[in-house]
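Data block below; observations after.
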Amino acid sequence: MTHELASIIDFIRYGASRFSAAGLTFGHSHDNPIDEATHLVLASLHLPPDIPPAYGAGRLTADERERVLALIERRVSERLPVAYLVGETWFAGLKFKSDRRALVPRSPIAELIESGFQPWLEHRQVERALDLCTGSGCIGIAMAEFNPDWQVDIVDISDDALSLARENIVFQHVEGRVEAVKSDLFDGLKGRRYDLIVSNPPYVTEDEYAALPGEYSHEPKLGLTSGEDGLDICVRMLNEAADYLTEDGLLIVEVGESERQLGELLPEVPFVWIEFKVGPMGVFALERRDLIEHADAIRAAAEARKHR
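In terms of the UniProt record's numbering, the sequence shown is numbered consecutively and its last residue is 308.
As C-alpha coordinates, then:
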(Lines of atoms letter the chains of each structure in order from A and count residues from 1; the text may use other names and numbers.)
(Lines give C-alpha, C1' and ligand atoms only; values in the text may rest on other atoms or scores of the structure.)
Protein backbone atom coordinates (compact mmCIF):
# COMPACT_ATOMS: atom_id res chain seq x y z
CA MET A 1 0.00 0.00 0.00
CA THR A 2 2.91 2.33 -0.70
CA HIS A 3 0.66 4.63 -2.71
CA GLU A 4 -0.47 6.01 0.66
CA LEU A 5 3.03 7.34 1.34
CA ALA A 6 3.43 11.01 0.47
CA SER A 7 5.81 13.00 2.66
CA ILE A 8 9.49 12.71 3.56
CA ILE A 9 8.49 11.61 7.05
CA ASP A 10 6.19 8.95 5.58
CA PHE A 11 9.05 7.42 3.64
CA ILE A 12 11.47 7.56 6.56
CA ARG A 13 8.93 5.83 8.76
CA TYR A 14 8.17 3.24 6.07
CA GLY A 15 11.87 2.56 5.45
CA ALA A 16 12.56 2.15 9.16
CA SER A 17 9.66 -0.28 9.48
CA ARG A 18 10.83 -2.31 6.48
CA PHE A 19 14.38 -2.43 7.82
CA SER A 20 13.25 -3.55 11.27
CA ALA A 21 10.91 -6.20 9.91
CA ALA A 22 13.67 -7.57 7.66
CA GLY A 23 16.09 -7.94 10.58
CA LEU A 24 18.82 -5.91 8.92
CA THR A 25 22.16 -5.25 10.60
CA PHE A 26 23.06 -1.63 11.34
CA GLY A 27 26.81 -1.22 11.63
CA HIS A 28 27.78 1.15 8.83
CA SER A 29 27.62 4.63 10.37
CA HIS A 30 24.23 4.02 11.99
CA ASP A 31 23.06 1.74 14.78
CA ASN A 32 19.30 1.86 14.31
CA PRO A 33 16.70 1.63 11.52
CA ILE A 34 15.39 5.20 11.88
CA ASP A 35 18.76 6.86 11.33
CA GLU A 36 19.46 4.45 8.49
CA ALA A 37 16.16 5.22 6.78
CA THR A 38 16.71 8.95 7.31
CA HIS A 39 20.12 8.71 5.63
CA LEU A 40 18.69 6.79 2.67
CA VAL A 41 15.68 9.05 2.10
CA LEU A 42 17.42 12.42 2.52
CA ALA A 43 20.48 11.45 0.48
CA SER A 44 18.37 10.06 -2.34
CA LEU A 45 16.50 13.39 -2.42
CA HIS A 46 19.80 15.34 -2.38
CA LEU A 47 18.94 16.90 0.96
CA PRO A 48 21.36 17.46 3.88
CA PRO A 49 20.90 15.51 7.12
CA ASP A 50 20.24 18.67 9.13
CA ILE A 51 17.24 20.05 7.24
CA PRO A 52 14.68 21.81 9.47
CA PRO A 53 11.91 19.50 10.76
CA ALA A 54 9.29 21.43 8.79
CA TYR A 55 10.70 19.93 5.58
CA GLY A 56 9.59 16.52 6.77
CA ALA A 57 6.08 17.33 5.57
CA GLY A 58 7.33 17.94 2.04
CA ARG A 59 5.72 15.65 -0.52
CA LEU A 60 7.70 13.57 -2.98
CA THR A 61 7.19 13.65 -6.73
CA ALA A 62 6.32 10.45 -8.56
CA ASP A 63 9.91 9.99 -9.73
CA GLU A 64 11.25 10.60 -6.23
CA ARG A 65 8.80 8.08 -4.76
CA GLU A 66 9.89 5.46 -7.25
CA ARG A 67 13.58 6.08 -6.59
CA VAL A 68 13.27 5.99 -2.80
CA LEU A 69 11.13 2.87 -2.77
CA ALA A 70 13.56 1.09 -5.08
CA LEU A 71 16.47 1.90 -2.76
CA ILE A 72 14.54 0.73 0.30
CA GLU A 73 13.82 -2.58 -1.41
CA ARG A 74 17.47 -2.98 -2.46
CA ARG A 75 18.59 -2.32 1.11
CA VAL A 76 16.34 -5.17 2.24
CA SER A 77 16.84 -7.68 -0.56
CA GLU A 78 20.56 -7.18 -1.27
CA ARG A 79 21.70 -6.18 2.23
CA LEU A 80 23.72 -3.34 0.71
CA PRO A 81 24.92 -0.67 3.14
CA VAL A 82 23.00 2.58 2.67
CA ALA A 83 26.22 4.48 1.98
CA TYR A 84 26.83 2.31 -1.08
CA LEU A 85 23.22 2.66 -2.25
CA VAL A 86 23.28 6.46 -2.19
CA GLY A 87 27.01 6.90 -2.85
CA GLU A 88 27.73 9.07 0.16
CA THR A 89 28.01 9.14 3.92
CA TRP A 90 29.09 11.44 6.73
CA PHE A 91 32.17 11.25 8.95
CA ALA A 92 33.25 13.83 11.55
CA GLY A 93 30.50 16.11 10.24
CA LEU A 94 31.85 15.97 6.66
CA LYS A 95 30.30 14.35 3.60
CA PHE A 96 32.35 11.73 1.76
CA LYS A 97 31.85 9.71 -1.38
CA SER A 98 31.37 6.04 -0.55
CA ASP A 99 31.28 2.91 -2.69
CA ARG A 100 32.57 -0.66 -2.78
CA ARG A 101 36.16 0.43 -3.41
CA ALA A 102 36.65 0.97 0.34
CA LEU A 103 34.94 0.34 3.66
CA VAL A 104 32.06 2.58 4.60
CA PRO A 105 33.59 5.34 6.78
CA ARG A 106 33.05 4.60 10.45
CA SER A 107 35.36 4.95 13.41
CA PRO A 108 35.30 6.45 16.91
CA ILE A 109 38.42 8.33 15.80
CA ALA A 110 35.96 10.87 14.33
CA GLU A 111 35.32 12.00 17.91
CA LEU A 112 39.04 12.56 18.47
CA ILE A 113 39.30 14.60 15.27
CA GLU A 114 36.36 16.79 16.22
CA SER A 115 37.82 17.39 19.70
CA GLY A 116 41.25 18.33 18.34
CA PHE A 117 42.78 15.11 19.72
CA GLN A 118 42.68 16.64 23.17
CA PRO A 119 44.24 16.10 25.60
CA TRP A 120 46.67 14.01 23.53
CA LEU A 121 48.01 16.94 21.48
CA GLU A 122 47.80 19.54 24.24
CA HIS A 123 51.56 20.14 24.41
CA ARG A 124 52.54 18.96 20.92
CA GLN A 125 53.16 20.85 17.73
CA VAL A 126 51.82 18.95 14.72
CA GLU A 127 53.04 19.85 11.26
CA ARG A 128 52.81 16.51 9.48
CA ALA A 129 50.29 13.74 10.14
CA LEU A 130 49.70 10.33 8.60
CA ASP A 131 46.50 8.34 8.11
CA LEU A 132 47.69 4.76 7.62
CA CYS A 133 45.31 2.22 5.97
CA THR A 134 43.18 5.17 4.88
CA GLY A 135 40.51 3.40 2.80
CA SER A 136 38.17 6.15 1.60
CA GLY A 137 40.49 8.79 3.04
CA CYS A 138 37.96 9.94 5.63
CA ILE A 139 40.27 10.08 8.68
CA GLY A 140 43.17 11.88 7.01
CA ILE A 141 40.98 14.28 5.05
CA ALA A 142 38.97 15.11 8.17
CA MET A 143 42.22 15.75 10.07
CA ALA A 144 43.23 18.22 7.36
CA GLU A 145 39.82 19.90 7.37
CA PHE A 146 39.88 20.41 11.13
CA ASN A 147 43.56 21.45 11.17
CA PRO A 148 44.27 23.73 8.17
CA ASP A 149 47.96 24.10 9.09
CA TRP A 150 48.67 20.34 8.94
CA GLN A 151 50.14 18.49 5.99
CA VAL A 152 48.56 15.04 5.87
CA ASP A 153 49.58 11.90 4.01
CA ILE A 154 46.94 9.23 3.49
CA VAL A 155 48.22 5.74 2.70
CA ASP A 156 46.75 2.47 1.49
CA ILE A 157 47.91 -0.62 -0.34
CA SER A 158 44.70 -0.85 -2.39
CA ASP A 159 44.54 0.93 -5.75
CA ASP A 160 40.74 0.90 -5.55
CA ALA A 161 40.71 2.51 -2.12
CA LEU A 162 43.24 5.14 -3.19
CA SER A 163 41.20 6.05 -6.26
CA LEU A 164 38.22 6.75 -4.01
CA ALA A 165 40.40 8.59 -1.49
CA ARG A 166 41.74 10.84 -4.24
CA GLU A 167 38.19 11.64 -5.33
CA ASN A 168 37.41 12.60 -1.73
CA ILE A 169 40.50 14.82 -1.57
CA VAL A 170 39.11 16.78 -4.52
CA PHE A 171 35.56 16.62 -3.15
CA GLN A 172 36.71 18.25 0.10
CA HIS A 173 39.05 20.74 -1.67
CA VAL A 174 42.16 19.75 0.28
CA GLU A 175 44.41 18.98 -2.70
CA GLY A 176 47.18 21.26 -1.47
CA ARG A 177 47.39 19.74 2.01
CA VAL A 178 46.63 16.03 1.59
CA GLU A 179 48.69 13.56 -0.45
CA ALA A 180 47.52 10.04 -1.23
CA VAL A 181 50.35 7.50 -1.36
CA LYS A 182 50.26 3.84 -2.33
CA SER A 183 52.25 1.92 0.25
CA ASP A 184 52.30 -1.40 2.09
CA LEU A 185 52.18 0.24 5.52
CA PHE A 186 55.43 2.27 5.77
CA ASP A 187 57.28 0.70 2.82
CA GLY A 188 56.60 3.62 0.47
CA LEU A 189 57.26 6.35 3.04
CA LYS A 190 61.04 6.13 3.39
CA GLY A 191 62.53 9.33 4.81
CA ARG A 192 59.20 10.78 5.96
CA ARG A 193 58.55 11.63 9.61
CA TYR A 194 55.26 12.45 11.29
CA ASP A 195 54.27 14.15 14.52
CA LEU A 196 51.06 12.11 14.58
CA ILE A 197 50.20 8.76 13.01
CA VAL A 198 46.56 7.66 13.12
CA SER A 199 45.28 4.35 11.83
CA ASN A 200 42.08 2.34 11.62
CA PRO A 201 43.63 -0.79 10.11
CA PRO A 202 41.96 -4.14 9.39
CA TYR A 203 41.48 -6.00 12.69
CA VAL A 204 38.74 -8.59 12.15
CA THR A 205 39.74 -12.21 12.80
CA GLU A 206 39.04 -14.89 10.19
CA ASP A 207 36.45 -16.50 12.48
CA GLU A 208 34.74 -13.18 13.07
CA TYR A 209 34.69 -12.45 9.35
CA ALA A 210 33.00 -15.78 8.61
CA ALA A 211 30.24 -14.86 11.07
CA LEU A 212 29.66 -11.27 9.91
CA PRO A 213 26.17 -10.31 8.65
CA GLY A 214 25.57 -10.05 4.91
CA GLU A 215 26.05 -6.28 4.84
CA TYR A 216 29.79 -6.70 5.36
CA SER A 217 30.21 -9.04 2.38
CA HIS A 218 29.85 -6.02 0.06
CA GLU A 219 32.96 -4.39 1.55
CA PRO A 220 36.51 -5.32 0.49
CA LYS A 221 37.79 -8.12 2.69
CA LEU A 222 41.26 -6.58 2.49
CA GLY A 223 39.98 -3.70 4.60
CA LEU A 224 38.52 -5.93 7.30
CA THR A 225 40.63 -8.99 8.12
CA SER A 226 44.10 -9.25 9.62
CA GLY A 227 45.01 -12.83 10.43
CA GLU A 228 43.78 -15.35 12.95
CA ASP A 229 43.63 -12.92 15.86
CA GLY A 230 43.08 -9.70 13.89
CA LEU A 231 46.46 -8.26 14.90
CA ASP A 232 48.86 -9.07 12.04
CA ILE A 233 48.83 -5.54 10.60
CA CYS A 234 48.76 -3.81 13.99
CA VAL A 235 51.81 -5.71 15.28
CA ARG A 236 53.74 -4.96 12.11
CA MET A 237 52.76 -1.30 12.47
CA LEU A 238 53.99 -1.22 16.07
CA ASN A 239 57.28 -2.77 14.96
CA GLU A 240 57.91 -0.14 12.28
CA ALA A 241 56.22 3.06 13.48
CA ALA A 242 59.05 4.49 15.61
CA ASP A 243 61.18 5.06 12.51
CA TYR A 244 58.47 7.27 11.03
CA LEU A 245 57.55 9.32 14.11
CA THR A 246 59.28 12.50 15.22
CA GLU A 247 60.97 12.47 18.63
CA ASP A 248 57.80 13.37 20.53
CA GLY A 249 55.52 11.64 18.02
CA LEU A 250 52.27 9.92 18.92
CA LEU A 251 50.63 6.80 17.47
CA ILE A 252 46.85 6.31 17.70
CA VAL A 253 45.40 3.02 16.43
CA GLU A 254 41.96 1.41 16.45
CA VAL A 255 41.90 -2.36 17.04
CA GLY A 256 38.27 -2.76 18.12
CA GLU A 257 37.42 -6.14 19.60
CA SER A 258 41.08 -7.19 19.35
CA GLU A 259 41.94 -4.94 22.33
CA ARG A 260 42.10 -7.84 24.79
CA GLN A 261 44.27 -9.98 22.51
CA LEU A 262 46.73 -7.11 22.00
CA GLY A 263 47.04 -6.56 25.73
CA GLU A 264 47.73 -10.26 26.26
CA LEU A 265 50.24 -10.39 23.41
CA LEU A 266 52.26 -7.38 24.62
CA PRO A 267 51.47 -7.00 28.34
CA GLU A 268 54.57 -4.90 28.99
CA VAL A 269 53.65 -2.22 26.46
CA PRO A 270 51.83 0.74 28.16
CA PHE A 271 48.92 1.10 25.76
CA VAL A 272 46.61 3.93 26.83
CA TRP A 273 43.06 2.90 25.91
CA ILE A 274 41.07 6.00 25.04
CA GLU A 275 37.66 6.62 26.59
CA PHE A 276 34.98 7.97 24.26
CA LYS A 277 31.59 9.46 25.02
CA VAL A 278 30.07 5.98 24.73
CA GLY A 279 32.96 4.32 26.61
CA PRO A 280 36.02 2.36 25.46
CA MET A 281 36.09 1.52 21.74
CA GLY A 282 39.36 -0.37 21.29
CA VAL A 283 41.52 2.65 20.36
CA PHE A 284 44.95 3.10 21.94
CA ALA A 285 47.50 5.91 22.11
CA LEU A 286 51.21 5.18 22.37
CA GLU A 287 54.24 7.46 22.56
CA ARG A 288 57.25 6.96 20.29
CA ARG A 289 59.45 6.60 23.35
CA ASP A 290 57.31 3.65 24.51
CA LEU A 291 57.70 1.99 21.11
CA ILE A 292 61.47 2.33 21.46
CA GLU A 293 61.59 1.19 25.07
CA HIS A 294 59.63 -1.98 24.27
CA ALA A 295 61.07 -2.53 20.79
CA ASP A 296 62.52 -5.95 21.64
CA ALA A 297 59.17 -7.38 22.78
CA ILE A 298 57.35 -5.87 19.82
CA ARG A 299 59.97 -7.15 17.38
CA ALA A 300 59.76 -10.64 18.85
CA ALA A 301 55.97 -10.64 18.45
CA ALA A 302 56.29 -9.46 14.86
CA GLU A 303 58.93 -12.07 14.00
CA ALA A 304 56.87 -14.86 15.54
CA ARG A 305 54.02 -14.03 13.15
CA LYS A 306 56.23 -14.47 10.12
CA HIS A 307 56.71 -18.14 11.00
CA ARG A 308 53.14 -19.08 11.84
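No residue lacks a Cβ here, since even glycine has one placed at the ideal position from N, Cα and C.
Remember, predicted model here, so these are calculated numbers, not experimental data.
Take residue 98, set aside five residues on each side of it, and the residues of its chain with a beta-carbon closer than 7 Å to its own are 83, 84, 87, 88, 89, 104, 105, 136, in chain order. Contact between residue 57 and residue 9 holds, since their C-beta atoms are separated by about 7 Å, short of 8 Å.
Fewer than three beta-carbon pairs drawn from the segment 230–237 and the segment 152–172 are found closer than 8 Å, and the two stretches are therefore not classed as touching.
In this structure, 19 is the residue among 19, 121, 289, 304 with its C-alpha nearest to the C-alpha of residue 77.
Excluding sequence positions up to five before and after residue 114, its CB lies within less than 6 Å of the CB of 92, all in the same chain and listed in chain order. Of 212, 291, 151, 143, the smallest CA-CA separation from residue 269 is found for 291. Here residue 51 is exposed. Its C-beta has fewer than 16 other C-beta atoms within 10 Å. In this structure, the straight-line span from the alpha carbon of residue 244 to that of residue 195 is close to 9 Å. The DSSP-derived three-state label of residue 178 is strand.
A straight-line Cα-Cα distance of about 13 Å links residue 172 and residue 179. Sequence-distant partners of residue 203 (beyond 5 residues in either direction) whose C-beta falls short of 6 Å from its own C-beta, in its chain, are 226, 230, 255, 256, 258. Taking all protein chains shown into account, residue 29 has 16 or more neighbouring C-beta atoms within 10 Å of its C-beta and is therefore buried.
Under DSSP, residue 88 forms a beta bridge with 97. DSSP, reduced to helix, strand and coil, places residue 228 outside both helices and strands of the structure shown, so it counts as coil. Here residue 288 is buried, its C-beta having at least 16 other C-beta atoms within 10 Å.
Contact between residue 110 and residue 164 is ruled out by a C-beta separation of about 18 Å, above the 8 Å threshold. Here residue 123 is exposed: its Cβ has fewer than 16 other Cβ atoms, across all protein chains shown, within 10 Å. Put simply, of 273, 140, 160 the residue whose alpha carbon is nearest the alpha carbon of residue 154 is 140. In its chain, beyond the 5 residues on either side, 235, 238, 239, 266, 269, 291 have a beta carbon closer than 8 Å to the beta carbon of residue 298. Its chain contains no residue whose beta carbon lies nearer than 7 Å to that of residue 13 once the 5 sequence neighbours on both sides are disregarded.
Membership of residue 264 in the alpha helix (DSSP H) is indicated by the continuous run 259–265.
The Cβ atoms of residue 6 and residue 60 sit closer than 8 Å to each other. Here residue 157 is near residue 183, since their CB atoms are less than 8 Å apart. Between the alpha carbons of residue 241 and residue 233 lies a gap of roughly 12 Å.
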